[in-house]
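Participant:
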Amino acid sequence: MPACCSRSANGLFRPYHDTVFRRFWSHDLEIDELSDISGVIADVGGSQKDFEAYVNGPAREEHDRIVDEAEALGVFGVPTMVFNGELFWGGDRIDMLIERIKQPETVAAALGSRHRM
14 MPACCSRSAN
24 GLFRPYHDTV
34 FRRFWSHDLE
44 IDELSDISGV
54 IADVGGSQKD
64 FEAYVNGPAR
74 EEHDRIVDEA
84 EALGVFGVPT
94 MVFNGELFWG
104 GDRIDMLIER
114 IKQPETVAAA
124 LGSRHRM
């Protein structure tokens, strides 16, 4: 979600995410419909007007930039996390990521010559 609407510092990201996740998987939300997503943003306290202005303005360029950056990092599935140049893909890798965060010095042993900081 764009900065104009997420206001993650104000606590909107989690309710937005949880609402979209729940409603999408219960087949109660069309994520391709601007009015549906704008409605969720309004429901969690964001600005529907600002979000629609973003979508109708710089959103496509930002989306394409993010996709290009993700592809350059090797992202190809969800969830994908990158920490210190090491890619962790899949829910079963979250524990490995947590361990790496706790002991970042182990990345050199894990990646060997591929290590880059």
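Here our numbering = 1-based position in the sequence shown + 13.
Glycine is no exception: its CB is placed at the ideal position from the N, C-alpha and C atoms.
With C-beta atoms as the reference, is Ser51 less than 8 Å away from Phe64?
Facilitator: yes
Participant: Under 8 Å by Cβ, that's how I've got Leu25 and Gly70 pegged, so tell me the actual separation to the nearest angstrom.
Facilitator: Not a contact, Cβ separation roughly 20 Å.
Participant: Alpha carbon to alpha carbon, how far is Ala55 from Tyr29?
Facilitator: 9 Å
Participant: Can you look up Phe89 in the DSSP assignment and give me helix, strand or coil?
Facilitator: coil
Participant: In the DSSP output, what is Leu110 paired with across the bridge?
Facilitator: Paired residues: none, contrary to the question.
Participant: In its own chain, which residues sit with a C-beta less than 6 Å from the C-beta of Lys62, not counting the 5 before and 5 after it?
Facilitator: none
Participant: Any contact between the segment 100-113 and the segment 70-84? By contact I mean 3 or more CB pairs, one from each, below 8 Å.
Facilitator: no
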